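Novice:
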Amino acid sequence: MIDNNKIIETLEKKLMSFGGDSKTQNVGTVTKNTDGVITANGLSNAFMGEKIIFENGSAGTVFNLDEDNVSIILLDDASGIKEGDALRTTGEILSIEVSEDLLGRVIDPLGNSLDNKPKIKIGKKMPLEKIAAGVIDREPVSVPLKTGIKAIDCMFPIGRGQRELIIGDRQTGKTAIVIDTIINQKSDKRPVVCIYVAIGQKRSTIAQVIDRLNSEGAGSYSIVISASASDPATLQYLAPYSGCAIAEYFLEKGKDVLITFDDLTKHAWAYRQISLVLKRPAGREAYPGDVFYLHSRLLERSVKLNKENKGGSITALPIIETQANDISAYIPTNVISITDGQIYLQTDLFNAGIKPAINIGQSVSRVGSAAQTATIKSVSGKLKLELAQYNSLAAFAQFGTELDAATQKQLDRGKRLTEILKQPQFSPLTENLEVISIYAVTSGLMDDIPTDSFPRFEKELHEFAKKHYQDLLEALSSGERPTEQTLKQINKLVEVFKKRFV
Amino acid sequence: MNKKTIDRLVTTSYQNDLLDQRKVNKIASLISRPDLKKYLNGLKFAEKKKNLIIASPVITADLKKFEKLFPHKKVILKKDPSLILGIQITDNDVVYNFTLKDSLDKIQNYLEQNYD
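For the protein sequence lines, the chains are A and B, in the order given. Per my numbering, the very first residue in the first sequence carries number 24; after that it's consecutive. Per my numbering, the very first residue in the second sequence carries number 198; after that it's consecutive.
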C-alpha cells in the first residue's frame, strides 16, 4: 500500500534540493561483448565490484580494472548490448535487498522472485561481498546444530557457526543430508533460518528440493536461492555470496542461520569460466590463481558471534562433488582445508545399502564435539572408535579365517552399530530418540534382535516411547548427562517393548 | 602494434593542439586495418579528453563564461531540451548533472524501488 503522505514528502524533499546536489557520474562506452563479459573504456573512477548500469537498463559489476579499460560481468541478458553503447557507474557496491519477506521464497542471486508470489518488500541493502567478522567479535562454537541424522549427531556433531563440508561422488546422498538437516530445524527450540543455495543444478532438481521442503513444512523458515545450470555463469558465481548476504541480515538480528551451498564444485567451474573469458592466467586444472580465496572468503563469513554482537551464528554446509572418490583433487582439497571438518560419502557404502553412506574413517568434525550435548556425548563416546575397529576387522574376516569369541563379538557389535546408524531419507530424529536408539545397541539391549528387523524395531520403539515414556523423552531432551535412573528407564523401555515386538 | 606505439602515433598526429590532416592521412595509409581501428579509437579518445561539453535546454550568453573557466579545453555548447532545466557538464568520462531531469529521474527511481 502506498503511503500518499510519504510520497509527497519525498517529492518535496527531492525538489527542494534541486540545484544543490550535483550528481557526478562516471560514464564510458562498450568496446567489446564476449560471452557476458563486457569491456568498456572510460569509467576512470570505477572501483572493483561497483554496480554499472548500461544504456538499455541492464546491470553489471566491475570485475577487472585495466590500464585503459574496464571488464564488467553482466547480470542480465548479454544479447542486447552492442559496441558503442553508453554505460555509467552507480557508486554502489553490488548488493541485495533483504527483509523478513524473503522467508519461504525462491529467489535468484539478485533478489528477484522466481516463485510468482507477491512482490518481495524492499528491505535492507546487504553487500554481496563483505569482510568476515573479526576475531574479537567471535566466540567459540558451543551450541549444537542438530541434523537429526544419528550418524552425524553422534560421531560428527555440527555446532552453530561451524563449516562442515559434505563431500562425495554423484548420487551418494549429499543433498539428502542437507535437506534432512533443514527439515530437522522445525523441531528445534531455537529456530534456525535456513538458506539453500543451488548452484549450477538442473531446474528439475531444484524444483524437487523446493517441493520437498514445502511438503515437509520447512518452507516457512527457508529461503532458496536458485542459480541453475541454464543461468549465466555470473549468476552462478554470485549465488553463494547472495546467500551469505541474506544470512548476514538475519545474523545482525541475533538469529541463527544455516546456509547450504549445493555445490561449490560448480561454483568453481562458473568462476573458472568467467576468469578464462576475462583472460586471467589459468593455473592448475585451468582454475585461476585465486580460486582458493574464492571459497575461503565465502566460508570465512560463517561465524558464531559473541553476546556483545547479539550472539547470532551462520553455520555453513558446503557440498563438493568428487570424481571417482578422488578427494585429493584441487577444489576438494582446497575446501577441506578451509572447513572445520568433512562428512565423506562413499559410493561403495551407498551401494551396499548403508545410508547415509558416511565413511567413518575419513569423516571428521574438528570443532563440533565442543557443541555436542552431554546427553548424546554419554552414549556416543566410543561409537566412532568401535566402528573404525569393526571396519578393519571386517576386512580381515572376509578371508574366512577362524575368529576367537572376542573378535566375533566385536564384529557382531559393529554390524549392529552399522545397522542402527542407517536411516531413511527425510526422517530426521530428535535427540532423545537418537539417544534411545544408540544406547539400545551399545548397551547390548538389542543383541537378541535380528539385524534385518532393526528398521522396524527402531521405528516401533520410537512410537512406543512417544506414547508411554513421555517423561523419559523429556529427561533426554534436557541436554544433560543421563542419570542412572534415566538409563534404567531406557533399559525398561526396551525390555518392555521387546516383549510386545513380534 | 602495441598500445604504446598507437599512443605515440596519436600524439604525433597533433600540431599546436590541432589535428594535422596531412599526418593523419599518411599514418592511416601506412598501418594495417586492425591497427587503423586502434589508431582511430586513440584519436577519438584524445579528442574527447580535449573537449568539454556543456548541455542545456537553452543556450544563453552566460554559458560562454565557461570558456574562461576551462582555458585548456575546447568548450562545446549543446542545446538539449530534454534536460528541462539546469546544466549538464561532460568532461571526458565524468558527467556533472545539475538538471531538473536528473532530479526527476532520481525521484522516479526512488518511487519504483520503494513502492509496488
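Ideal Cβ positions, reconstructed from N, Cα and C, are used throughout, including at glycine. For clarity, every value in this text was computed on a predicted model and none was experimentally measured.
For a quick check, are the C-beta atoms of E120/A and G146/A less than 8 Å apart?
Specialist: For this step, residue 120/A is matched to residue 97 along the first sequence. For this step, residue 146/A is matched to residue 123 along the first sequence. Yes. Within cutoff.
Novice: Using a Cβ-Cβ cutoff of less than 6 Å, which residues in the same chain neighbour S336/A once the five nearest sequence positions on both sides are dropped?
Specialist: Numbered from its first residue, the first sequence carries residue 336/A at position 313. Only R183, G184, D279 and K327 meet the Cβ criterion.
Novice: Give the residues of chain C in contact with D232/B, contact being defined as C-beta atoms less than 8 Å apart.
Specialist: Considering every chain present, this structure includes no chain C. Its protein chains are A and B.
Novice: For N56/A and A69/A, which I take to be in contact (beta-carbon distance under 8 Å), what is that distance rounded to the nearest angstrom?
Specialist: Taking the first sequence and counting its residues from 1, the one referred to as residue 56/A is at position 33. Taking the first sequence and counting its residues from 1, the one referred to as residue 69/A is at position 46. The Cβ separation is near 17 Å, so there is no contact.
Novice: Using 8 Å as the limit for Cβ to Cβ distance, is G42/A near chain B?
Specialist: Here residue 42/A corresponds to residue number 19 of the first sequence, with the count starting at 1. Its pLDDT being 49, under 50, G42/A is placed unreliably by the model, and nothing is read from it.
Novice: Which same chain residues end up closer than 6 Å to K235/B when comparing Cβ atoms and leaving out the 5 residues on each side of it in sequence?
Specialist: The count along the second sequence starts at 1 and reaches residue 235/B at position 38. Excluding positions up to five away in sequence, the list reads I203.
Novice: Taking beta-carbon pairs under 9 Å, can you tell me which members of the stretch 65-95 of chain A lie near chain B?
Specialist: Correct list: G65, L66, S67, N68, E90 and D91.
Novice: Along the alpha helix (DSSP H) that carries E331/A, what are the first and last residues, could you check?
Specialist: Stepping through the first sequence from its first residue, residue 331/A is reached at position 308. Here E331/A belongs to no alpha helix (DSSP H), and DSSP marks it neither H nor E.
Novice: Between which two residues does the beta strand (DSSP E) harbouring R111/A extend?
Specialist: Taking the first sequence and counting its residues from 1, the one referred to as residue 111/A is at position 88. Unbroken beta strand (DSSP E) run through R111/A: A109 to I116.
Novice: Against K46/A, what residues of chain B qualify as contacts under a CB-to-CB distance less than 7 Å, listed in chain order?
Specialist: Within the first sequence, the letter at position 23 stands for residue 46/A. By Cβ distance, chain B contributes N294 and D299.
Novice: In whole angstroms, give me the CA-to-CA distance for Q385/A and F284/A.
Specialist: Position 362 of the first sequence, counting from 1, holds the residue named residue 385/A. Position 261 of the first sequence, counting from 1, holds the residue named residue 284/A. If I take the Cα positions, the gap works out to 21 Å.
Novice: Just to make sure I have the definition right: I need the residues of chain B whose C-beta is within less than 9 Å of the C-beta of T33/A. Which are they?
Specialist: Stepping through the first sequence from its first residue, residue 33/A is reached at position 10. Those are I304, Y307, L308 and N311, listed as they occur along chain B.
Novice: Hey, how far is the Cα of R230/B from the Cα of D91/A?
Specialist: Position 33 of the second sequence holds residue 230/B. Position 68 of the first sequence holds residue 91/A. The straight-line gap from Cα to Cα measures roughly 21 Å.
Novice: Only counting the same chain, and skipping five residues up and downstream in sequence, which positions put a Cβ closer than 6 Å to that of N87/A?
Specialist: Walking along the first sequence from the start, residue 87/A turns up at place 64. So the list reads S94 and L301, once near-sequence residues are dropped.
Novice: Please name the residues in the stretch 145-169 of chain A whose beta-carbon is closer than 9 Å to at least one beta-carbon of chain B, in chain order.
Specialist: Hits within the stretch, in order: I145.
Novice: Does the distance from the C-beta atom of P263/A to that of L321/A stay below 8 Å?
Specialist: For this step, residue 263/A is matched to residue 240 along the first sequence. For this step, residue 321/A is matched to residue 298 along the first sequence. Yes.
Novice: Give every residue of the same chain whose Cβ lies closer than 8 Å to the Cβ of V390/A, excluding the five residues on either side of it in the sequence, and list them in chain order.
Specialist: To locate residue 390/A, count along the first sequence from 1; it is residue 367. For V390/A, where only same-chain residues beyond five positions count, the Cβ hits under 8 Å are P163, V164, G182, Q185, D363 and G364.
Novice: Would V291/B count as contacting chain A if we go by Cβ distances under 8 Å?
Specialist: On the second sequence, position 94 is the one that residue 291/B refers to. It does; some Cβ of chain A falls within 8 Å.
Novice: When you compare the CB of F263/B with every CB in chain A, is at least one pair closer than 8 Å?
Specialist: Stepping through the second sequence from its first residue, residue 263/B is reached at position 66. Not one chain A Cβ lies under 8 Å of F263/B.
Novice: Measure the Cβ-Cβ separation of A225/B and L233/B and say whether it is below 8 Å.
Specialist: Here the question's residue 225/B lines up with position 28 in the second sequence. Here the question's residue 233/B lines up with position 36 in the second sequence. Yes, the pair counts as a contact, with Cβ atoms nearer than the cut-off.
Novice: Less than 7 Å between C-beta atoms, sequence neighbours within five positions excluded: which residues of the same chain meet that for A380/A?
Specialist: The count along the first sequence starts at 1 and reaches residue 380/A at position 357. Answer for A380/A: T195, G196, L368, Q369, L372 and F373, listed in chain order.
Novice: Quick check: the Cα distance between N514/A and R161/A, rounded to an integer number of angstroms?
Specialist: Here residue 514/A is taken as the residue at index 491 of the first sequence, counted from 1. Here residue 161/A is taken as the residue at index 138 of the first sequence, counted from 1. Cα to Cα, N514/A sits roughly 42 Å from R161/A.
Novice: Under a three-way DSSP split, which group does S466/A fall into?
Specialist: Numbered from 1 along the first sequence, position 443 holds the residue referred to as residue 466/A. Three-state DSSP puts S466/A in coil, outside helix and strand.
Novice: Measure from the alpha carbon of Y316/A to the alpha carbon of each residue in V358/A, T228/A, L516/A and S210/A, then state which is nearest.
Specialist: If you number the first sequence from 1, residue 316/A lands on position 293. When only C-alpha atoms are compared, the closest one is V358/A.
Novice: Cβ of G51/A less than 8 Å from any chain B Cβ?
Specialist: Within the first sequence, residue 51/A is the residue found at index 28, counting from 1. Output row for G51/A: interface = yes.
Novice: Are the stretch 253-268 of chain B and the stretch 236-245 of chain B touching, with three or more C-beta to C-beta distances below 8 Å?
Specialist: Contact fails: fewer than three Cβ-Cβ distances are below 8 Å.
Novice: Between F242/B and chain A, is there a C-beta pair that is closer than 8 Å?
Specialist: The count along the second sequence starts at 1 and reaches residue 242/B at position 45. Yes, contact with chain A.
Novice: Comparing alpha-carbon positions, which option in E483/A, G502/A, S403/A and I354/A lies nearest K522/A?
Specialist: Working through the first sequence from its first residue, we reach residue 522/A at position 499. Nearest of E483/A, G502/A, S403/A and I354/A to K522/A, Cα basis: E483/A.
Novice: According to DSSP, is L215/B helix, strand or coil?
Specialist: Residue 215/B sits at position 18 when you count from the first residue of the second sequence. In the structure shown, L215/B sits in a strand (DSSP, three-state: E or B).
Novice: Excluding the 5 residues preceding and the 5 following D58/A in the sequence, name in chain order all residues of the same chain whose CB lies nearer than 6 Å to its CB.
Specialist: On the first sequence, residue 58/A is found 35 positions in, with the first residue counted as 1. Correct list, in chain order: V300.
Novice: Using 8 Å as the threshold, is the C-beta distance between N448/A and A199/A below it?
Specialist: As a first step, residue 448/A is located in the first sequence; it is residue number 425 there, counting from the start. As a first step, residue 199/A is located in the first sequence; it is residue number 176 there, counting from the start. Here residue 448/A is Gln; the residue named in the question, Asn, does not match the sequence. A contact, by the Cβ cut-off of 8 Å.
Novice: Should V517/A be labelled buried (16 or more other beta-carbon atoms within 10 Å of its own) or exposed?
Specialist: Here residue 517/A refers to the residue found at position 494 when the first sequence is read from its first residue. The residue in question, V517/A, is buried, as its Cβ has 16 or more Cβ neighbours within 10 Å.
Novice: What do you reckon, are the CB atoms on L236/A and I282/A nearer than 8 Å?
Specialist: Position 213 of the first sequence, counted from the start, is the residue given in the question as residue 236/A. Position 259 of the first sequence, counted from the start, is the residue given in the question as residue 282/A. For L236/A and I282/A, no; Cβs fall outside 8 Å.
Novice: For T509/A, I'd like the list of residues in its chain whose CB is within less than 6 Å of its CB, leaving aside the five on either flank, ordered along the chain.
Specialist: Here residue 509/A refers to the residue found at position 486 when the first sequence is read from its first residue. The answer, listed in chain order, is A498.
Novice: Going by beta carbon distance, what residues of the same chain come within less than 7 Å of L151/A, once the five residues before and after it are set aside?
Specialist: By 1-based counting over the first sequence, the position of residue 151/A is 128. The answer, listed in chain order, is L117, S118, I119, L261, Y264, S265 and A268.
Novice: Nearest by alpha-carbon distance to Q224/A: which of A241/A, V85/A, K289/A and V166/A is it?
Specialist: If you number the first sequence from 1, residue 224/A lands on position 201. When only C-alpha atoms are compared, the closest one is K289/A.
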